[in-house]
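Okay, so the sequence shown: first residue is 15 according to our numbering, each after it adds one.
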Amino acid sequence: MILDDGGDLTHWVYKKYPNVFKKIRGIVEESVTGVHRLYQLSKAGKLCVPAMNVNDSVTKQKFDNLYCCRESILDGLKRTTDVMFGGKQVVVCGYGEVGKGCCAALKALGAIVYITEIDPICALQACMDGFRVVKLNEVIRQVDVVITCTGNKNVVTREHLGRMKNSCIVCNMGHSNTEIDVTSLRTPELTWERVRSQVDHVIWPDGKRVVLLAEGRLLNLSCSTVPTFVLSITATTQALALIELYNAPEGRYKQDVYLLPKKMDGTYPAGRLGVGGAC
Numbered sequence: 015m016i017l018d019d020g021g022d023l024t025h026w027v028y029k030k031y032p033n034v035f036k037k038i039r040g041i042v043e044e045s046v047t048g049v050h051r052l053y054q055l056s057k058a059g060k061l062c063v064p065a066m067n068v069n070d071s072v073t074k075q076k077f078d079n080l081y082c083c084r085e086s087i088l089d090g091l092k093r094t095t096d097v098m099f100g101g102k103q104v105v106v107c108g109y110g111e112v113g114k115g116c117c118a119a120l121k122a123l124g125a126i127v128y129i130t131e132i133d134p135i136c137a138l139q140a141c142m143d144g145f146r147v148v149k150l151n152e153v154i155r156q157v158d159v160v161i162t163c164t165g166n167k168n169v170v171t172r173e174h175l176g177r178m179k180n181s182c183i184v185c186n187m188g189h190s191n192t193e194i195d196v197t198s199l200r201t202p203e204l205t206w207e208r209v210r211s212q213v214d215h216v217i218w219p220d221g222k223r224v225v226l227l228a229e230g231r232l233l234n235l236s237c238s239t240v241p242t243f244v245l246s247i248t249a250t251t252q253a254l255a256l257i258e259l260y261n262a263p264e265g266r267y268k269q270d271v272y273l274l275p276k277k278m279d280g281t282y283p284a285g286r287l288g289v290g291g292a293c
């Protein structure tokens, strides 16, 4: 069995040791980026074992992506910058479950929050939740904080970074470290200054500084902590998916990507509530 996050292990085995898949019963993937990679393999006919998409399970989406990020975004920003959010202009790139959690937390502290979103359904949700949906180019010069949580790459480009105001804070809550084009900042014309752990000032020739957190890696994993309550939910969901794939009779799952069965998805919440109906 393969238990993966981001598809990195799966990709590595495919590239280096493809014959190992003859002995593998299945793959369990927990991140949106890894799930996208699995669907790409499936579409190309290269997925040779069943795979379970844990990222889109209700427990993962709501507890890990929404509720956990709602708390950890503030924890990470406070630990690294000590910024006060009241009145600050913030743009959040992506209004999936992670983006929803980040926006709810920032709005509650009085920040002025803008949303960029390419999915029309999520964009309309943002409008209904009271946020202004914009294009990044429209607000990049005025915002104080830029947060990415899309699961895509190069969402914030070198051009965007060059147009930001002095002391703009840039961080990532999506998967991996590719949502912000950090590589483009490692040039002779720009100076990097490490001001504290996980906080870099990238200095332009004219003296402008952009505050980059965790070098574009996940803020909540690099600069704060994740509650054991949330970790236990995600780990339990992954374990249930592994058990389901391993014990499934031959023929139940083909060489495709599947969602965790609804009954198993609700196992942890039901047990957590207990007899009294509360945690």
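No residue lacks a Cβ here, since even glycine has one placed at the ideal position from N, Cα and C.
Everything numeric in this text was worked out from a predicted model, so none of it was measured.
Three-state secondary structure (DSSP) of residue i
i	result
E85	helix
I135	helix
D214	strand
V106	strand
Y53	helix
I247	helix
Y28	helix
R177	helix
E111	helix
T197	helix
T73	helix
T171	coil
V289	Below a pLDDT of 50, predicted positions are generally treated as unreliable, and V289, at 48, falls in that range; the measurement from the model is reported next regardless. Correct three-state label for V289: coil.
T296	Because residue 296 is not part of the residues shown, which for the chain are 15 to 293, the question remains open.
V34	helix
V10	The question about residue 10 has no answer here: the residues shown for the chain are numbered 15 through 293.
Those residues which DSSP pairs with residue i across a bridge
i	result
L123	None; L123 has no bridge partner.
I41	I16 and A65
C182	V224
T162	C107 and N186
T130	C107
A240	First, the residue type needs correcting, since residue 240 is Val and not Ala in the sequence shown. According to DSSP, V240 bridges with nothing at all.
R146	Y128
E203	E203 is not bridged to any residue.
Endpoints, the alpha helix (DSSP H) within which residue i is located
i	result
L233	L233 to S236
N151	L150 to V153
Where the beta strand (DSSP E) through residue i begins and ends
i	result
Q226	The residue asked about is misnamed: residue 226 is Leu in this sequence, not Gln. That run of the beta strand (DSSP E) goes R223 to L227.
Check whether residue i and residue j have beta carbons under 8 Å apart
i	j	result
G144	T162	no
V160	C182	yes
Y28	V271	no
Y109	Q139	yes
E193	V170	yes
D78	T248	yes
V127	V97	no
L274	A253	no
N186	C83	no
V213	V225	yes
G40	D19	no
D195	N168	yes
K76	E44	no
Worksheet item: Mind pulling the beta strand (DSSP E) runs of 3 or more residues that sit fully within the segment 249-276?
Response: 271-273
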